[in-house]
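Asker: Once you've had a glance at the structure underneath, I'll fire off some questions.
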Amino acid sequence: GSDCVKRFSTMAPHARLVVAVALAALAIGCVGAVRTAPHRRSHPHLPDAGAVSGENDPKVQYHLNYIKDFGYPAEYHTTVTEDGYVLALFRIPHGRATKAGADGSKGTVVCQHGLLGSSFGWVVNLPYQSLAYMLADAGYDVWMPNSRGNTFSRNSTVVDPTSAAFWDFSWDEQSRYDIPAVYDYVLQVTGDASLAYVGHSQGTTQMFGALSTPEIAKLIVPRTSHYFALAPVAYVNNVESRLLHDLAKLDIGEILLRLGVKEWIPDEDILNYIDPELCRIAPPICSSLLAAVAGCSLKLKNVTAVSNYLRIEPAGTSVKNIVHWSQEVKRDVFQMFDYEDPQKNIDHYKRPTPPPYDLSKIQLPNSTVFFAGGWDVLADPTDVNHLILLMQEATKNDPKKFPFTYKVNPYDHLDFILATNAFDYVYDPILKILAGGSPGEE
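Oh and the sequence shown: position 219 is 221 in my numbering, straight run, nothing missing.
Okay, here's the thing in structure tokens:
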């Protein structure tokens, strides 16, 4: 446990600097490719909203076949946000033992990935180790959306994906536009009135942002039966990930933004080849890479699954999104993106400073459950406790909505989706709560 947390933190400062600069170099070195290379679903050949398209995309095929090889049905969908971003969603409509078209779905569950992640993280482990398969086998219709800008959601009906305008987003827009678009599409297809939402890492941040924005919350809360927050992230001032602190201190994201680099770690195809090979050939080096980025180890993970995971991850995001996170780390705030210029903030927000997300006034669904790791250097226990106190304030007039928190002491940030024993600590409680049980019951 402690080795997992300390491995990168105790690395010499110059070594951490090398890793931080190397990540920046990956972005800079490929900026030409980002601006000129054709994308897998290239503009202007845009998919229609809701159409099952992109079947020939190698990564889409890999993702779909990965699920099908375990004996599950798999579908690929797209939908379009209010501001024109095309989002990809993968679906497991039912379990292995259920025939297609059979009645009796217990309901709909949406699983939303974290920063630099994708829907693939929910299905990479074996069926008895992955939440998506367990939910499908338990009778649920499982949807796994991809946030704007990742490898599966890199298109727009409005702007060219290779343009700077496409990359002008952070998790602000993912909260305001992506989540409502996913809800609208999934519930339209399933015909259900509500769904259960499972978020990991930034997938929880997006939901916290949405539920703290009254005009968005009114669209989400009535249609959410349960909200499960795995490694919940809002305030991040106490993150123990030295890499994030170094990136924030060096302002690498802001430097790249000023240089015109809009996509973070754009040449993921190279990374997706190198990383799995490292995991296969030299697990200790693979483990060190995981420690550098997410402060985690291979201790509770299957090396083969991690190797496969790294064929898709990191799945990319915008530099603006990384800058947004850097601002949060440096300032101990949970607020919208700061344009670092009063006039620009006025142009965007009609005020000289960015509006805060007031978590003390957040609107929560009837059932909210947190799962927090004891060795999580990104969703740090101190920051999670801060979040819990704010939830207490928000629910003081309706204490039944106060989130129950499972503290999973052995877990690091990625264990919630990659640990081989996640059923015991996380997935079994989720399944029992969905079936009508109370949080905390054995």
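Positions of the beta carbon are idealized from the N, C-alpha and C atoms, including for glycine. This one's a predicted model, so the numbers in the text were calculated from it and none came from an experiment.
Is there a C-beta anywhere in chain C that falls below 8 angstroms from the one on V200?
Answerer: The displayed structure is made up of one protein chain only, and chain C is not part of it.
Asker: With a 10 Å radius around its C-beta and 16 neighbouring C-beta atoms as the bar for buried, classify Q480 as buried or exposed.
Answerer: No information on residue 480 is available, as it lies outside the stretch 3 to 444 that the chain covers here.
Asker: Taking the C-alpha atoms as reference points, what is the distance between I272 and N310?
Answerer: Along the sequence shown, read from residue 1 onward, the residue named residue 272 stands at position 270. Along the sequence shown, read from residue 1 onward, the residue named residue 310 stands at position 308. Unreliable placement is indicated for I272, whose pLDDT of 47 sits below 50; the coordinate value is still reported in the next sentence. Distance between the alpha carbons of I272 and N310: 14 angstroms.
Asker: Can you tell me where the beta strand (DSSP E) holding M2 begins and where it ends?
Answerer: Because the chain is modelled from 3 through 444, residue 2 falls outside the range shown and cannot be assessed.
Asker: Report back the beta-carbon spacing between F372 and Y408 to the nearest angstrom; my notes put them in contact at under 8 angstroms.
Answerer: Looking up residue 372 in the sequence shown gives position 370. Looking up residue 408 in the sequence shown gives position 406. With a Cβ gap of about 7 angstroms, F372 and Y408 count as contacting.
Asker: Could you check which residue in P401, K352, K303 has the C-alpha nearest to that of D414?
Answerer: By one-based count along the sequence shown, residue 414 stands at place 412. Of the listed residues, the one whose Cα sits closest to D414 is K303.
Asker: Restricting to runs no shorter than 4 residues, where is the alpha helix (DSSP H) found entirely within the stretch 300–359?
Answerer: Listed in chain order, they are 305–311, 321–333, 344–351.
Asker: Return helix, strand or coil for L436, following the three-state DSSP convention.
Answerer: Start at 1 with the first residue of the sequence shown, and residue 436 comes out as number 434. The answer is helix: DSSP assigns L436 an H, G or I state.
Asker: Run the CB neighbour count on T384, radius 10 Å, all protein chains shown included, and call it buried at 16 or more, exposed below.
Answerer: Position 382 of the sequence shown, counting from 1, holds the residue named residue 384. Exposed, since its Cβ has fewer than 16 Cβ neighbours within 10 Å.
Asker: May I have the straight-line CA-CA distance separating R353 from F339, to the nearest angstrom?
Answerer: As a first step, residue 353 is located in the sequence shown; it is residue number 351 there, counting from the start. As a first step, residue 339 is located in the sequence shown; it is residue number 337 there, counting from the start. Rounded to whole angstroms, R353 to F339 spans 13 angstroms at the Cα level.
Asker: Could you give the first and the last residue of the continuous beta strand (DSSP E) run that contains E77?
Answerer: Numbered from its first residue, the sequence shown carries residue 77 at position 75. Counting along the chain, the beta strand (DSSP E) containing E77 begins and ends at 77–82.
Asker: Alpha carbon to alpha carbon, what distance is there between D59 and D180?
Answerer: Here residue 180 corresponds to residue number 178 of the sequence shown, with the count starting at 1. Here residue 59 corresponds to residue number 57 of the sequence shown, with the count starting at 1. Taking the straight line joining both Cα atoms gives about 22 angstroms.
Asker: Looking at the strands, I want to know which residues DSSP matches up with K409.
Answerer: Locating residue 409 in the sequence shown gives position 407, counting from the first residue. According to DSSP, K409 bridges with A374.
Asker: By how many angstroms is the C-alpha of K322 removed from the C-alpha of G463?
Answerer: As displayed, the chain neither begins before 3 nor continues past 444, which places residue 463 out of reach and without an answer.
Asker: Cutting at 7 angstroms between CB atoms, please list the residues of its own chain near F72, excluding the five before and the five after it.
Answerer: Along the sequence shown, read from residue 1 onward, the residue named residue 72 stands at position 70. For F72, where only same-chain residues beyond five positions count, the Cβ hits under 7 angstroms are P129, Y135.
Asker: Whose C-alpha, out of W124, Q131, T81, is nearest the C-alpha of F425?
Answerer: As a position in the sequence shown, residue 425 is number 423, starting the count at 1. Closest by alpha carbon: Q131.
Asker: For G116, which three-state DSSP category applies?
Answerer: For the purposes of this step, residue 116 is identified with residue 114 of the sequence shown, where counting begins at 1. Residue state, collapsed to three classes: coil.
Asker: Figure out for me which residue from R93, N368, T80, Y87 has the closest Cα to the Cα of Y68.
Answerer: As a working note, residue 68 is residue 66 in the sequence shown. Checking every option, the nearest Cα to that of Y68 belongs to R93.
Asker: Kindly provide the ranges of any beta strand (DSSP E) runs that are 3 or more residues long and lie completely inside the stretch 136–214, ordered along the chain.
Answerer: Within the stretch 136–214, the complete beta strand (DSSP E) runs of at least 3 residues are 142–147, 197–202.
Asker: Using the Cα positions of N148 and F154, report the straight-line distance between them to the nearest angstrom.
Answerer: Within the sequence shown, the letter at position 146 stands for residue 148. Within the sequence shown, the letter at position 152 stands for residue 154. If I take the Cα positions, the gap works out to 6 angstroms.
Asker: For E395, is the classification buried or exposed, using 16 other Cβ atoms within 10 angstroms of its Cβ as the cut-off for buried?
Answerer: Locating residue 395 in the sequence shown gives position 393, where the first residue counts as 1. Label assigned to E395: exposed.
Asker: Measuring only the C-alpha atoms, how far is A421 from W377?
Answerer: Here residue 421 refers to the residue found at position 419 when the sequence shown is read from its first residue. Here residue 377 refers to the residue found at position 375 when the sequence shown is read from its first residue. About 13 angstroms.
Asker: Note down the Cα distance separating G141 from G97, rounded to an integer number of angstroms.
Answerer: Locating residue 141 in the sequence shown gives position 139, counting from the first residue. Locating residue 97 in the sequence shown gives position 95, counting from the first residue. Approximately 6 angstroms between the Cα atoms of the pair.
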